[in-house]
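To keep things clear, I will list the structure first and then write my remarks on it.
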Amino acid sequence: MAQLITRVTDPELFVDAGQIDIVDEGLECYVADESATGIVDARPGGSGAAVICATEIGHVVMTAELWDGPPPLCTDGWQDVADMPLHWLRDEAMEIGGEGTSLTEPPTFALRAGLHMIRVAGRHRDEPDPRDDRAPAEEYLIQVWPAHPGAATAGPVLHKRTSALAARRTALRAGLPRAGRGGTPG
Numbered sequence: 050m051a052q053l054i055t056r057v058t059d060p061e062l063f064v065d066a067g068q069i070d071i072v073d074e075g076l077e078c079y080v081a082d083e084s085a086t087g088i089v090d091a092r093p094g095g096s097g098a099a100v101i102c103a104t105e106i107g108h109v110v111m112t113a114e115l116w117d118g119p120p121p122l123c124t125d126g127w128q129d130v131a132d133m134p135l136h137w138l139r140d141e142a143m144e145i146g147g148e149g150t151s152l153t154e155p156p157t158f159a160l161r162a163g164l165h166m167i168r169v170a171g172r173h174r175d176e177p178d179p180r181d182d183r184a185p186a187e188e189y190l191i192q193v194w195p196a197h198p199g200a201a202t203a204g205p206v207l208h209k210r211t212s213a214l215a216a217r218r219t220a221l222r223a224g225l226p227r228a229g230r231g232g233t234p235g
């Protein structure tokens, strides 16, 4: 059974341009392909990923976890959950959220070069932007672990998609009409 190595929570992570950047120390952010899963995308060149948020500019709650293997899958209480293979090019720290963190230092995980998986779960993604102060905070769980070599060819895995936001963004990829509230994995 996989073991949790470390966990960090930022209760007020600042989001700009509608995404949480996950990059190595030398890589600047990039524009994510929102249509891949509607919630997470990995940079094709490696060493970068992004969590796709409903909030364009504002604060979200983010918890990040580093595991030594695949963590248990839990979709209960989350609107959208997806896995994405992530190629990490160098033995460098993975920085999550960059300078937008409310913590003393940006959350970082020491990663070895190689293939990893990143799972992102999100909730409260259908609130209007800007968000009403009484609305629940948009929230994300980011889990990272070393992957087996076959994961790269498997591509992204959509475990759950119930937010209208993810349904609209994944419909763009398929060239389908924009979906309303709800949706199921495609």
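Under the numbering used here, the first residue of the sequence shown carries the number 50, and numbering increases by one thereafter. For glycine and all other residues, C-beta sits at the position ideal for the given N, C-alpha and C.
C-beta neighbour in chain E for residue i, strict 7 Å
| i | result |
| --- | --- |
| D70 | Judged by its chain identifiers, the structure shown contains no chain E, having just a single protein chain. |
Residue environment, residue i, which counts as buried when at least 16 other CB atoms sit within 10 Å
| i | result |
| --- | --- |
| P60 | exposed |
| P302 | The displayed coordinates of the chain run from 50 to 235. Any statement about residue 302 would go beyond what the structure contains. |
| Q52 | exposed |
| H173 | buried |
| S151 | exposed |
| D140 | exposed |
| P156 | buried |
| E148 | exposed |
| E154 | exposed |
| L122 | exposed |
| V193 | buried |
| I106 | exposed |
| A203 | exposed |
| D117 | exposed |
| M50 | exposed |
| I54 | exposed |
| V100 | buried |
| G146 | buried |
| V80 | exposed |
Those residues which DSSP pairs with residue i across a bridge
| i | result |
| --- | --- |
| E188 | V110 and R172 |
| A99 | D70 and D90 |
| D129 | G171 and R210 |
| T55 | L115 |
| T157 | E144 |
| P134 | M166 |
| L62 | V109 |
| P179 | Paired residue(s): none; P179 is not in a bridge. |
Minimum C-alpha distance to residue i - residue among the options
| i | options | result |
| --- | --- | --- |
| P185 | V110, G199 and I191 | V110 |
| D70 | I191, A201, R218 and V57 | I191 |
| A220 | E74, A66, P198 and I88 | I88 |
| G199 | A216, M166 and E114 | M166 |
| T104 | G67, A162 and Y79 | G67 |
| D73 | V57, R92 and D82 | R92 |
| R218 | D175, L164, L160 and H197 | D175 |
Original post:
Does the stretch 164–184 come close enough to the stretch 126–133 that 3 or more CB-CB pairs lie under 8 Å?
Top reply: Two segments are said to touch when three or more pairs of C-beta atoms, one from each, lie closer than 8 Å; by this definition the stretch 126–133 touches the stretch 164–184.
Original post:
With contact counted as at least three CB pairs below 8 Å, one residue from each stretch, are the stretch 174–186 and the stretch 133–148 in contact?
Top reply: A contact between stretches requires three or more CB pairs, one per stretch, nearer than 8 Å, and the stretch 174–186 fails this requirement with the stretch 133–148.
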